[in-house]
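Below is one structure, written out as structure tokens; comments come after it.
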Amino acid sequence: MPRLELQNPETATGERKEILSQIHKAFGTTPNMFKAIANSTPALKMMWSAFGALGSGKLGAKLGEQIAVAVANANRCDYCLAAHTALGKGAGLTIETMSEAQVGRSSDPKAQAALTFALKLVQERANLSPDDISALKKAGYSEEEIAEILAHVALNIFTNYTNVAFDVPVDFPKVALR
1 MPRLELQNPE TATGERKEIL SQIHKAFGTT PNMFKAIANS TPALKMMWSA FGALGSGKLG
61 AKLGEQIAVA VANANRCDYC LAAHTALGKG AGLTIETMSE AQVGRSSDPK AQAALTFALK
121 LVQERANLSP DDISALKKAG YSEEEIAEIL AHVALNIFTN YTNVAFDVPV DFPKVALR
């Protein structure tokens with residue numbers, strides 16, 4: 001049972017209702033994570049706008065979803081692992097690619113560099129060395145893309161913490177943590 005009430009999009013009002021309607025339109029349903037964070041309209045607005053901003057970024061949906069499953073696995077977030085595995089498949093990634101990304105691996109050297117960096121951000125709480133940034137630049141990432149990788153990690157930490165802290169029921173096909 002969730003630790004916060006899941007807000008009902010049908011009875012929501014004002015800006016909260018508008019945002020939940022946008023989410024429902026985007027997903028064809030309103031995922032439980034958004035219903036939980038909707039207890040605070042500013043928190044809901046922040047989360048949804050961050051998804052929108054990063055969705056139009058340089059990295060693209062495929063790498064964004066790979067980063068998301070790696071961060072979810074590192075943070076032991078069943079909800080985000082399930083959701084982003086499904087979204088990754090929807091973006092055209094194979095289940096094998098998503099499974100490898102979950103543990104920070106990719107057969108693509110450029111994606112591998114991003115996953116290594118993302119997991120280091122999580123595991124080391126952003127205590128990086130100049131070599132960590134240099135490795136991304138050598139892999140072909142611009143400074144804009146490096147900043148965007150960090151933003152993906154930050155958003156996923158927010159969503160991971162939302163789901164773990166509030167014990168949000170998973171409403172996507174379950175995926176085992178590794």
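Going by my numbering, the letters in the sequence shown line up with residues 1 to 178, in that order.
For every residue, glycine included, the Cβ atom is placed at its ideal position computed from N, Cα and C.
Predicted, not measured: the structure shown is a model, and the values here were computed from it.
Residue i: first and last residue of the uninterrupted alpha helix (DSSP H) it sits in
{"i": "residue 138", "result": "130-138"}
{"i": "residue 175", "result": "That residue, residue 175, is in no alpha helix (DSSP H); it is neither H nor E in DSSP."}
{"i": "residue 14", "result": "14-27"}
{"i": "residue 109", "result": "109-123"}
{"i": "residue 30", "result": "No alpha helix (DSSP H) holds residue 30; DSSP gives it neither H nor E."}
{"i": "residue 160", "result": "143-165"}
{"i": "residue 1", "result": "Neither: residue 1 is in no alpha helix (DSSP H) and is coded neither H nor E."}
{"i": "residue 96", "result": "95-102"}
Distance CB(residue i)-CB(residue j) smaller than 8 Å
{"i": "residue 86", "j": "residue 166", "result": "no"}
{"i": "residue 164", "j": "residue 2", "result": "no"}
{"i": "residue 50", "j": "residue 155", "result": "yes"}
{"i": "residue 61", "j": "residue 91", "result": "yes"}
{"i": "residue 33", "j": "residue 158", "result": "no"}
{"i": "residue 19", "j": "residue 45", "result": "yes"}
{"i": "residue 102", "j": "residue 178", "result": "yes"}
{"i": "residue 82", "j": "residue 174", "result": "yes"}
{"i": "residue 89", "j": "residue 144", "result": "no"}
{"i": "residue 41", "j": "residue 9", "result": "no"}
{"i": "residue 152", "j": "residue 64", "result": "yes"}
{"i": "residue 70", "j": "residue 104", "result": "yes"}
{"i": "residue 162", "j": "residue 37", "result": "yes"}
Residue i Cβ short of 7 Å to the ligand FAD heavy atom set
{"i": "residue 34", "result": "No copy of the ligand FAD occurs in the structure displayed, which carries no ligand at all."}
Query raised in the report: Between the region 93-102 and the region 128-138, do at least 3 Cβ pairs fall closer than 8 Å?
Result: no
Requested in this report: Output the residue ranges of the beta strand (DSSP E) runs that lie fully inside the region 43-81 and measure 3 residues or longer, sorted by chain position.
Outcome: none
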